Amino acid sequence: MIIFISGGVRSGKSCGAENMVQTFCTKRAVYIATSRQTDKEMQKRIQLHQKERQAANTPWVTIEQSVNLQQIFPNLQSDDAILLDCVTNWLANELFLTERRWQTKEGKQAVFFI
0 MIIFISGGVR SGKSCGAENM VQTFCTKRAV YIATSRQTDK EMQKRIQLHQ KERQAANTPW
60 VTIEQSVNLQ QIFPNLQSDD AILLDCVTNW LANELFLTER RWQTKEGKQA VFFI
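Residue numbering for the sequence shown follows numbering that gives the first Met the number 0, beginning at 0 and increasing consecutively.
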């Protein structure tokens, strides 16, 4: 099952998704963090998310992967509850992390055909 949670910036999507995973997860909870620490504000937001997961009743396996998500697939198990936070950050990282990568044929295939 895939559940997609959408909403505005800082609207509580991550907290709601974390609560949902903690409520229904019977095996392993995996948090895939795609954000990069680009400035002090983002560093604080990342630290807040980390503290919230550490304080949770469910032990989280955190994987920090801002690009090339296919690299972590071998580390995932079929019965994992996986929270990808956040797909828009991941997509922006893939498109713009490397200068003009999104404009090349290879870059488009890597992003759109994973």
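For every residue, glycine included, the Cβ atom is placed at its ideal position computed from N, Cα and C.
None of the values given here were measured: they were computed from a predicted structure.
Could you give the DSSP three-state label for residue i: helix, strand or coil?
i: ALA28; result: strand
i: ILE4; result: coil
i: LEU47; result: helix
i: ALA16; result: helix
i: LEU75; result: coil
i: LYS39; result: helix
i: THR22; result: helix
i: ARG52; result: helix
Considering only their Cβ atoms, is the gap separating residue j from residue i smaller than 8 Å?
i: LEU82; j: ILE31; result: yes
i: GLU17; j: ARG44; result: no
i: LEU96; j: VAL66; result: yes
i: GLY15; j: ILE1; result: no
i: ARG27; j: GLN76; result: yes
Tell me which residues share the same chain as residue i and place their Cβ nearer than 8 Å to its Cβ, disregarding the 5 neighbours each side in the sequence.
i: ILE113; result: With a pLDDT of 49 at ILE113, under the threshold of 50, the predicted position of this residue should be treated as unreliable, though the coordinate-derived value follows. Cβ neighbours of ILE113 beyond the five flanking positions: LEU68, GLN69.
i: ASN74; result: ILE62
By Cβ distance below 6 Å, which residues in the same chain neighbour residue i in space, the five residues on each side in sequence not counted?
i: GLY6; result: LYS12
i: VAL29; result: VAL60, ASP79, ILE81
i: ASN88; result: THR33, SER34
Please look up how many angstroms separate the CB atoms of residue i and residue j, rounded, as I've assumed it's under 8 Å.
i: THR37; j: ASN92; result: Not quite, the Cβ-Cβ distance comes to about 10 Å (not below 8 Å), so this is no contact.
i: GLN21; j: ALA54; result: At roughly 11 Å, the Cβ-Cβ gap does not stay under 8 Å, so GLN21 and ALA54 are not in contact.
i: THR57; j: CYS24; result: 6 Å
Who are residue i's beta bridge partners in DSSP?
i: GLU63; result: ALA32
i: ALA91; result: Answer by DSSP bridge pairing: none, since ALA91 is not bridged.
i: LEU96; result: For LEU96, which the question treats as bridged, DSSP gives no partner whatsoever.
i: LEU83; result: ILE31
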